[in-house]
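The structure appears right after this line, and notes come after that.
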Amino acid sequence: MTDKKIPVSSKRYKRECRYKTGYEGRLEYRGEGRQEYRCKVAAILLLFVLTGMLAGCSGRMTPKRLLADMEENMQNVTSSANHVEVAIQMEDVLDIRNVNMALDLENTTQPPAGYAKGTAKVKIKNAQVSADLEIYQVQEDGKAVTYSRTNDSWVKETTGDSSESHLGVDGDIFRQEGKAMESFHLAKKTVKEDGKECYQMYGDVTGTELMGILGKDMVNAFHLVELPDEDAIRELKIPVIFEIYKDEMLPARILVDMSDVLNELYESYGETSKVNLYSIDLKFTDFDQVDAIEVPEEVKEAAGE
C-alpha cells in the first residue's frame, strides 16, 4: 500500500511542514530545512552568549578596578574624618594587659595636615590608667612637625618626610600604597556600614605596607605596648578587610587583625607573652567637611616654642 501524496497547496501539508521543520516549505526538503534552521538558532544563541560574556567581563567588579575608581574619586576629596579604635589584650605569666584606644581623626590635603583627639586606657591586673590624647601634625618650613599631648603635657617633634608618619588616611596615601590591596579577594556579598551598602575585599599586606597606609604610630598602638622587633613586623603578612561605599566609591572602613601573626612573632622570639587580641578598626565618617587645621598659639607655647 503506497502513501497517499498530500497536495503541496493543502493546509494539512503546511501544518505538517511547520510541525516537522519549523517553517512552511516543501515536505521532501524537511531534512535540509531542519539543519539550516538549527544552524541559524545556534548562531543566534552563540551571539547572545558572547555578548553576555563580553558585557560581564567589562562590567565585573574586581579589587583592582574598585581601588582605581576609589583612588580617582579620592583625588577630588580635600579633607576627610575618621574614627579609629585600637583594642589589644596581651597575656603574660603574671598578668593580663588590656589596651583600648579611641581617636577621632581629621586631615586635609591642601595644605597637608592632621589632627587627632581621644582617650587611651591601659589596664594591668586590677589597676587602670587612662589618658587624654591630642595630636596636631602640620608642615613647618617644609618639614612634618607633630605636637602631641598626653593629659596636660605638650611635646613638639620633627617627624621628617617619612611616608609612615601621618595621621588619618587620604587620597595621596591610597595612591601611593593602594597597590598593596590590588591582589585582594572581593567578597560575593556587599555589607552595610552606617546604613550604606559597601563592597568588601580582604587579603594580606606586609607590615611595611600597613604602616604606609595607617601610619607607623597607629600600627604600633602609639607605643602603648612593647613589640618584639619593628623590623620583623615589617615582614609579617597581616590580614586586612577593606570596605568601599558602593554609591560614592569612597573608602568606608579598614579592619586589621594582627592577633595571630603577632602571637607567632612573640613565640619565634621565645617570649612568654601571648597576644589574645590586637585589632585596629578605622572608619571613614565624613568627606570634605573638615576646616583648615592649624596649631593654636597656646599649644606652641606649651610645647616650648
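Numbering-wise, the sequence shown is residues 32 to 336 according to this note's numbering. Ideal Cβ positions, reconstructed from N, Cα and C, are used throughout, including at glycine.
In terms of DSSP beta bridges, what is residue i paired with?
i           : result
residue 305 : 122
residue 311 : 117 and 287
residue 270 : 235
residue 171 : 174
residue 318 : 111
residue 162 : 151
residue 216 : 233
residue 209 : According to DSSP, which records beta bridges pairwise, residue 209 is partnered with nothing at all.
residue 145 : 138 and 168
residue 189 : 176
residue 282 : 275
residue 184 : 181
residue 223 : 228
residue 128 : 121 and 155
residue 133 : 116 and 150
Less than 8 Å between the C-beta atoms of residue i and residue j, yes or no?
i           : j           : result
residue 353 : residue 281 : For the chain, the structure presents residues 32 to 336; residue 353 sits outside this window and is missing.
residue 229 : residue 220 : no
residue 141 : residue 308 : no
residue 232 : residue 97  : yes
residue 239 : residue 123 : no
residue 147 : residue 169 : no
residue 190 : residue 200 : no
residue 326 : residue 271 : no
residue 250 : residue 268 : no
residue 99  : residue 321 : no
residue 255 : residue 330 : no
residue 198 : residue 181 : no
residue 259 : residue 296 : yes
residue 312 : residue 115 : yes
residue 276 : residue 227 : yes
residue 149 : residue 125 : no
residue 207 : residue 234 : no
If residue i sits next to residue j, beta carbons under 8 Å apart, how far is it from one beta carbon to the other, in whole angstroms?
i           : j           : result
residue 179 : residue 139 : Contact doesn't hold; Cβ gap of about 18 Å is too wide.
residue 195 : residue 246 : 6 Å
residue 284 : residue 315 : 7 Å
residue 107 : residue 118 : Going by Cβ atoms, the distance from residue 107 to residue 118 rounds to 33 Å, so no, they are not a contact pair.
residue 102 : residue 205 : 5 Å
residue 334 : residue 174 : About 15 Å separates the two Cβ atoms, so there is no contact after all.
residue 370 : residue 128 : One cannot answer for residue 370 here, as it falls past the ends of the chain, which runs 32 to 336.
Quick test of the definition: if touching needs 3 or more C-beta pairs under 8 Å, does the stretch 259 to 266 touch the stretch 207 to 224? Too few Cβ pairs lie closer than 8 Å, so no.
Across the stretch 299 to 307 and the stretch 145 to 163, are there enough close Cβ pairs to call them in contact, namely three or more that are closer than 8 Å? Contact between the stretch 299 to 307 and the stretch 145 to 163 is absent: fewer than three C-beta pairs spanning the two stretches fall below 8 Å.
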